[in-house]
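Residue numbers (the numbering used here): 489 to 695. Here the structure comes first, spelled out in structure tokens, and everything after it is commentary.
Shown next, in the form of structure tokens:
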């Protein structure tokens, strides 16, 4: 397989592109070890060493090191490996590896995230946050249901009241325009229109 591009990323890391479109990153020492040079062939043995030994091991270690400091969803880890220029098949192998040991679990991640934020964030915002992290909405709904079955429920009315108190917003002392402005703010936070209208004494049809 012919090397069609060899681009330095740092002083020690190089991005390699092969004629079949394969892209991966090696260190300078590995280039010397395998005698890889621009425009030359990568032998089958070298190719196997890179794709069956070096890259899988490195991708797995990358995942493990990331997970030492914080929890990640499946999608977040995939994005980290994509940023590292790992090939798709290597990414899949590394994700499957950490998943097999329970180091990533999107269901648990969703439940923990909801539990941590359910006193300060609206359900809609939490759902959107988790969607951006790559967690399926059905899984998120299941996590909410499980928490509710355990007797843990959200109180968005209390959250809105807390926000109003923090901002010293006394409904009876505000104009209609000020209430509309606060309404828009709370709506952007993801609170339901019914909850907002009751807190601000607004007609729901007015926004």
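The beta carbon of each residue, even a glycine, is placed where N, CA and C say it ideally should be.
Would you report the Cα separation of residue 522 and residue 586, rounded to the nearest angstrom? Translated into the one-based positions of the chain shown, residue 522 becomes position 34. Translated into the one-based positions of the chain shown, residue 586 becomes position 98. Residue 522 and residue 586: Cα-Cα distance of roughly 29 Å.
How far does the alpha helix (DSSP H) with residue 684 in it extend, from its first residue to its last? On the chain shown, residue 684 is found 196 positions in, with the first residue counted as 1. Start and end: 681–688.
Over what stretch of residues does the alpha helix (DSSP H) that includes residue 651 continue unbroken? Counting from one through the chain shown, the residue named residue 651 turns up at place 163. Residues 644–654.
beta-carbon residue 620 near the ligand FMN non-hydrogen atom, thresh 7 Å: With respect to the ligand FMN, the structure shown offers nothing to examine, as it has no ligands at all.
Quick check: is the beta carbon of residue 554 nearer than 8 Å to any beta carbon in chain B? You won't find chain B in this structure, because it holds only one protein chain.
Are there three or more Cβ pairs, one per stretch, closer than 8 Å when the stretch 528–538 is compared with the stretch 559–575? no
Could you tell me the distance, in whole angstroms, from the CA atom of residue 661 to the CA atom of residue 673? Counting from 1 along the chain shown, the entry for residue 661 is found at position 173. Counting from 1 along the chain shown, the entry for residue 673 is found at position 185. Cα to Cα, the separation comes out at about 18 Å.
Using the Cα positions of residue 670 and residue 658, report the straight-line distance between them to the nearest angstrom. Walking along the chain shown from the start, residue 670 turns up at place 182. Walking along the chain shown from the start, residue 658 turns up at place 170. Cα-Cα distance, rounded: 11 Å.
Cutting at 8 Å between CB atoms, please list the residues of its own chain near residue 640, excluding the five before and the five after it. As a working note, residue 640 is residue 152 in the chain shown. Around residue 640: 603 and 606.
If residue 613 and residue 677 are in contact, beta carbons under 8 Å, what's the gap, nearest whole angstrom? Within the chain shown, numbered from 1, the residue matching residue 613 stands at position 125. Within the chain shown, numbered from 1, the residue matching residue 677 stands at position 189. 6 Å between Cβ atoms; contact.
Contact belief for residue 491 with residue 527 at Cβ below 8 Å, rounded distance in angstroms: Within the chain shown, the letter at position 3 stands for residue 491. Within the chain shown, the letter at position 39 stands for residue 527. With a Cβ gap of about 6 Å, residue 491 and residue 527 count as contacting.
Just checking my contact of residue 647 with residue 681 at CB under 8 Å: how many whole Å lie between their CB atoms? Reading the chain shown from its first residue, position 159 is the one you call residue 647. Reading the chain shown from its first residue, position 193 is the one you call residue 681. Their Cβ separation, rounded to whole angstroms, is 15 Å, which puts residue 647 and residue 681 out of contact at 8 Å.
Does the distance from the C-beta atom of residue 615 to that of residue 625 stay below 8 Å? On the chain shown, residue 615 is found 127 positions in, with the first residue counted as 1. On the chain shown, residue 625 is found 137 positions in, with the first residue counted as 1. Yes, the pair counts as a contact, with Cβ atoms nearer than the cut-off.
Between which two residues does the alpha helix (DSSP H) harbouring residue 670 extend? As a working note, residue 670 is residue 182 in the chain shown. Here the alpha helix (DSSP H) through residue 670 covers 664–676.
Expressed to the nearest angstrom, what Euclidean distance is found between the alpha-carbon atoms of residue 601 and residue 618? For this step, residue 601 is matched to residue 113 along the chain shown. For this step, residue 618 is matched to residue 130 along the chain shown. The straight-line gap from Cα to Cα measures roughly 8 Å.
Tell me, which residues are paired with residue 493 by DSSP? By 1-based counting over the chain shown, the position of residue 493 is 5. Beta-bridge pairing links residue 493 to 505.
Terminal residues of the alpha helix (DSSP H) in which residue 628 lies: Reading the chain shown from its first residue, position 140 is the one you call residue 628. Where residue 628 is concerned, the enclosing alpha helix (DSSP H) stretches over 625–637.
Taking the continuous beta strand (DSSP E) assigned at residue 512, which residues delimit it? Position 24 of the chain shown, counted from the start, is the residue given in the question as residue 512. Start and end: 511–515.
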